Amino acid sequence: MKIFLADLVHNHHAGDNQISGSEDFVVPLNVGNLSSFIKSQHKDTVDIKIFKYPKDLLLALKKEPPDIIGFSSYIWNAVLNLKIVNHIKELYPNIVIVFGGPTIRSEPKDIEKYLIERKNVDAYILYEGERPFLELIKQIKLYGLNFKEKDLSIPSTAYLTSKGLKYQFAPQNEPIEHLPSPYLDGTLDEFLDRGLIPLFETNRGCPFKCTYCIWGIAALNKVRKFSLEDRILLELEHVASNYPKIPSWIIADANFGMMKRDVEIAQTIRNLKDSKATGLKHILTWESKNTTERNFEISKIMNTVVADALVAVQTLDKKTNDAIKRGNISQADTSLKIDRYKKLGANVQTHLLSGLPEETYEAQVNSIRKAFEFEFDDIQIFSIILLPGSEMESAQSRDKYKIKTKYRLRAGGYGKYNGITAIDCEEIIRENSAISEKEMQRLRSIHWLIWFGWNHNFLKPLWRLAQKKFKINPIEIILL
260 MKIFLADLVH NHHAGDNQIS GSEDFVVPLN VGNLSSFIKS QHKDTVDIKI
310 FKYPKDLLLA LKKEPPDIIG FSSYIWNAVL NLKIVNHIKE LYPNIVIVFG
360 GPTIRSEPKD IEKYLIERKN VDAYILYEGE RPFLELIKQI KLYGLNFKEK
410 DLSIPSTAYL TSKGLKYQFA PQNEPIEHLP SPYLDGTLDE FLDRGLIPLF
460 ETNRGCPFKC TYCIWGIAAL NKVRKFSLED RILLELEHVA SNYPKIPSWI
510 IADANFGMMK RDVEIAQTIR NLKDSKATGL KHILTWESKN TTERNFEISK
560 IMNTVVADAL VAVQTLDKKT NDAIKRGNIS QADTSLKIDR YKKLGANVQT
610 HLLSGLPEET YEAQVNSIRK AFEFEFDDIQ IFSIILLPGS EMESAQSRDK
660 YKIKTKYRLR AGGYGKYNGI TAIDCEEIIR ENSAISEKEM QRLRSIHWLI
710 WFGWNHNFLK PLWRLAQKKF KINPIEIILL
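What follows is the structure in structure tokens.
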């Protein structure tokens, strides 16, 4: 059986690389995991190819059509995937199209609506894909597209039958220690050869329930660890030894620093940087919440690799924090974190989110005021993107908080590939019950002035002088 797996990105133009180095894109770890697992179970009975760029997929499709194509679906490639799928089904109607990824609501009625509106998607795997995809392949081998009418129970896999939706939720509690590594079996080497950014996953799941995020939704809030000795350290060694000039790595954990062993992982990275990965300049991590001492220890270890420290507060308004279910994340030690990171020589940045439920115009201004009081070196403010599958994106949340939205083009999120034009957008909050669109528009001007004057240093010396000598918070100058 021939299988294509696609983690497609728009590469018509440069994207929005927030890391560093010449490459905009990360290795396709998601479909790489699927490929390695399926090969470990089916051995020589499957032929799997992985694709990152649309033109590569379309060219391979023309040469030798597969039996199955699996697409990773995210907000940055949702339209791109569908445009290509519609093209594929016109030419090869018997190819089975399988989607997976977080860009879908999880209620059965919403899943059914999604599939009805996307008739060329034959099945959608929700949450983790290894085991469900394995079972789906078995059924497709037996029945082809007719698997839909065989009254099967494939875990976490949704599809439409003549009787309606077929979907069986499966708890995401399977141990992950047995999963093979796509780094160690060579699956990702072709992408590392191109210089794509390595993405390392040391655990899965998030215990927090931030409503704007899909990392900690109920199905995925149990944290499970990959083997340290048999996987993680070997993956780091593999990349450092064989691709020493790649300038950036990403640790793709929701809370790096939550585990005691993360200190050992950080020390390993530091040692590899000093001995083998000589081109490594930057590590991107998302630090854990409520583990200040360990986060500081990790930063101290990696201070020659990580030039920036991120303390993402999102909002400094208590009512808003409670509304988005971040009330259990302590901010009491924020000043301590900033002081310690600065003593290490790090540039300390924070993230604030604009448009959160319950956050008024005055509350956001006050969050910005406090961010200046904390003396963050960089204050990045982002509009809330509604992610399908997150609590905030749900119909109930939209109704409760009277959320109104608009769509905007994603940076680099468009292109034309062998005659197929695709434009991907993102849905952002522009108004809710606590703040009007006019107030949001005024905040955008404030955000821009912070971006220009503070983050890019054009006005920072003057604003810092006003803050230090005259006790004038920069927000007061901006509001004049």
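Using my numbering, the first residue of the sequence shown is number 260, and each one after it goes up by one. Virtual Cβ for every residue (Gly too), placed ideally from N, Cα, C. Predicted, not measured: the structure shown is a model, and the values here were computed from it.
State the DSSP-derived secondary structure class of residue i, mapped to helix, strand or coil.
i	result
THR680	strand
SER507	strand
LEU385	coil
ASN606	strand
VAL572	coil
ILE262	strand
ILE583	coil
LEU721	helix
GLU618	coil
ASP448	helix
ASN530	helix
ARG453	coil
ASN691	strand
SER332	coil
HIS346	helix
LYS675	strand
ASP567	strand
LEU443	coil
SER613	strand
ILE267	The question names Ile, yet the displayed sequence has Leu at residue 267. LEU267 falls in the coil class under three-state DSSP.
HIS706	helix
Classify residue i as buried or exposed, calling it buried when 16 or more other Cβ atoms lie within 10 Å of its own Cβ.
i	result
ILE785	Only positions 260 to 739 of the chain appear in the structure, and residue 785 is not among them; the question remains open.
TRP722	buried
GLY360	buried
GLY475	buried
PRO647	buried
ALA513	buried
THR537	exposed
TRP707	exposed
TYR600	buried
TYR660	buried
SER421	exposed
LEU447	buried
LEU595	exposed
GLU652	buried
ASN292	buried
With distance defined between alpha-carbon atoms, name the residue in the options nearest to residue i.
i	options	result
GLY454	CYS472, LEU539, ILE473 and ASN462	LEU539
GLY516	VAL498, LEU569 and GLU496	LEU569
ASN336	ASP576, ARG599 and PHE358	PHE358
ARG585	CYS469, TYR502 and ILE334	CYS469
ARG689	ARG669, PRO466, GLY614 and LYS481	GLY614
TYR471	GLU686, ASN289 and ILE456	GLU686
GLU556	MET518, ALA571, ALA582 and ILE627	MET518
LEU418	PHE641, ASP581 and LEU385	Looking at the sequence provided, one finds Tyr at residue 418 rather than Leu. Measuring from the Cα of TYR418, the nearest candidate turns out to be LEU385.
ASN714	LYS697, GLU735, ILE638 and ALA681	ILE638
ASN716	ASN606, SER642 and ASN691	ASN606
VAL572	ARG553, GLN526 and PHE631	PHE631
LYS629	ILE662, ILE643 and ILE731	ILE731
VAL380	ILE356, ILE662 and ILE737	ILE356
LEU492	SER507, ASN530 and PRO466	ASN530
PHE284	SER500, LEU718 and LEU451	LEU451
PRO430	ALA725, LEU479 and GLU349	LEU479
ALA693	ILE627, MET260 and ASP576	ASP576
Under the assumption that residue i contacts residue j (Cβ atoms under 8 Å), give the Cβ distance between them as a whole number of angstroms.
i	j	result
ASN220	SER332	Outside the shown range of the chain, which is 260 to 739, sits residue 220, and nothing can be said about it.
TYR673	HIS301	The pair is not a contact, with the Cβ atoms about 37 Å apart (cut-off 8 Å).
ILE363	TYR351	No, ILE363 and TYR351 are not in contact; Cβ-Cβ is about 24 Å, not under 8 Å.
LEU495	PHE459	7 Å
ILE597	ASN549	About 16 Å; that fails the 8 Å criterion.
ILE327	ILE396	7 Å
GLY604	ASN554	Going by Cβ atoms, the distance from GLY604 to ASN554 rounds to 16 Å, so no, they are not a contact pair.
SER295	PRO439	4 Å
ILE262	GLY329	7 Å
LEU668	ILE682	7 Å
ILE560	ALA525	5 Å
8 Å is my cut-off, CB to CB: does residue i come that close to chain B?
i	result
GLU408	Although the question refers to chain B, the structure presented lacks it and comprises just one protein chain.
Which ranges does the alpha helix (DSSP H) cover as unbroken runs of at least 4 residues, wholly within the region 461 to 519, from first to last along the chain? Counting only runs of 4 or more, we get 492 to 501.
Jot down the residue ranges of each uninterrupted alpha helix (DSSP H) in the region 269 to 325, minimum 4 residues, whole runs only, in chain order. 288 to 301 and 313 to 322
For the region 632 to 673, list the alpha helix (DSSP H) runs that are entirely contained and at least 4 residues long, ordered along the chain. 654 to 659
Ranges of the beta strand (DSSP E) found wholly within the region 353 to 435, counting only runs of at least 3: 355 to 359, 382 to 384, 416 to 420 and 423 to 426
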